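*Asks:* Please read through the structure below; I'll follow up with questions.
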Amino acid sequence: MPVVAFTFDRLNKFFPGEKLDDILKIVPFIGVDIEGVDNVEVRIEYNPNRPDFASDYGIARAVKGLLGIETGIPEFRLSGRSGCAIKVDMSTRQIRPYIVSLVAKNGKLDDETIKQLIAMQEDLQNVIGRRRLKASIGIHNLDAIKFPVTYTTVQEDFSFTPLGDSDNHTIRHILKEFDVGKQYGYILQKSNAYPIIQDNENNVLSFPPIVNSNLTRIGTATKNLFVEVTANNLEVAEDVLSVMAMALYDAGFEIQTVSTHNSDG
Numbered sequence: 021m022p023v024v025a026f027t028f029d030r031l032n033k034f035f036p037g038e039k040l041d042d043i044l045k046i047v048p049f050i051g052v053d054i055e056g057v058d059n060v061e062v063r064i065e066y067n068p069n070r071p072d073f074a075s076d077y078g079i080a081r082a083v084k085g086l087l088g089i090e091t092g093i094p095e096f097r098l099s100g101r102s103g104c105a106i107k108v109d110m111s112t113r114q115i116r117p118y119i120v121s122l123v124a125k126n127g128k129l130d131d132e133t134i135k136q137l138i139a140m141q142e143d144l145q146n147v148i149g150r151r152r153l154k155a156s157i158g159i160h161n162l163d164a165i166k167f168p169v170t171y172t173t174v175q176e177d178f179s180f181t182p183l184g185d186s187d188n189h190t191i192r193h194i195l196k197e198f199d200v201g202k203q204y205g206y207i208l209q210k211s212n213a214y215p216i217i218q219d220n221e222n223n224v225l226s227f228p229p230i231v232n233s234n235l236t237r238i239g240t241a242t243k244n245l246f247v248e249v250t251a252n253n254l255e256v257a258e259d260v261l262s263v264m265a266m267a268l269y270d271a272g273f274e275i276q277t278v279s280t281h282n283s284d285g
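If you number the sequence shown the way my numbering does, the last residue is 285 and the count never jumps.
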């Protein structure tokens, strides 16, 4: 069962004026289990059928409902269209045909928020995404991207700088030599072309479902995000994006839509 780590500092921010012991007594009533508690955090085990619990934002939202702090349908508002667009090349249809995305603007990222987003990303990819086979997520620094972006395919000798690296590597090398390539390369083993997302200046954002580019890595200075989900099932992709959108909204971001266009019209 997946586990979310909820630090006591974050608990105090979500529930100012509430006693931590009282909150911990209520937590199991939202249908989760407390796996463990130490002097820094509480670890909460949740059912994979509740992907909205993949971050502490979702847990806090449910607990606030039980406490009567926030009742009724959770608030969520789109702030409009981002003006950003994705062009989808026909070559992706036989490999990983679907892509959905959003823009999240004017937020603040600290180390713990980034940790929560990355943990949520991994849990959603592993559970709903079936270890990235059905869906995978890319979280990018929006300000490093020149739109429109294109979702297309390349050959194995194509190269870019993957996340956490400073050198260019070919697709072939990433799949054979990188841990992430060895772990998830099986998803593309029957493909004779490989999906990538590029911006309008041909900079690579992502090689889904394997690894993002180092160009769009996020950090505490990042204010605006571009989140994309690629998948072999559109419903799964939309479900994953919805969970990401709600968490980012709760984190204080303004959520905007991104238009998607097929290259064949």
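Every residue gets a Cβ at the ideal spot worked out from N, C-alpha and C, and that includes glycine. Note that the structure is predicted; figures quoted are calculated from it, not measured.
In chain order, what residues of the same chain lie with their CB nearer than 6 Å to the CB of ASN126, ignoring the 5 residues before and after it?
*Replies:* GLU274
*Asks:* I think ILE50 touches ALA82, with their Cβ atoms under 8 Å apart; what is that distance to the nearest whole Å?
*Replies:* 4 Å
*Asks:* Would you kindly report the start and end of the unbroken alpha helix (DSSP H) that includes PHE34?
*Replies:* 28-34
*Asks:* Using the beta-carbon count (16 or more within 10 Å), is ARG152 buried or exposed?
*Replies:* Burial call: buried.
*Asks:* Roughly how many angstroms lie between the CA atoms of VAL247 and SER279, to the nearest whole one?
*Replies:* 13 Å
*Asks:* Could you spell out where the alpha helix (DSSP H) holding TYR204 opens and where it closes?
*Replies:* 199-204
*Asks:* Determine whether the beta carbon atoms of ALA257 and TYR171 lie at a separation below 7 Å.
*Replies:* no
*Asks:* So MET21 and GLU61 are in contact, right, with Cβ under 8 Å, and what is the actual spacing, rounded?
*Replies:* MET21 to GLU61, Cβ: 17 Å. No contact.
*Asks:* Based on Cα-Cα distance, which residue from ASN244, LEU86, PRO68 and HIS281 lies nearest to LEU268?
*Replies:* ASN244
*Asks:* Roughly how many whole angstroms lie between the Cα atoms of GLN114 and ASN253?
*Replies:* 12 Å
*Asks:* Out of SER262, GLN276, GLN175 and VAL169, point me to the one whose CA is closest to SER283's CA.
*Replies:* Among SER262, GLN276, GLN175 and VAL169, the Cα nearest to that of SER283 belongs to VAL169.
*Asks:* Return the first residue and the last residue of the beta strand (DSSP E) that GLU142 is part of.
*Replies:* Counting along the chain, GLU142 falls outside any beta strand (DSSP E), though it belongs to the alpha helix (DSSP H) covering 131-146.
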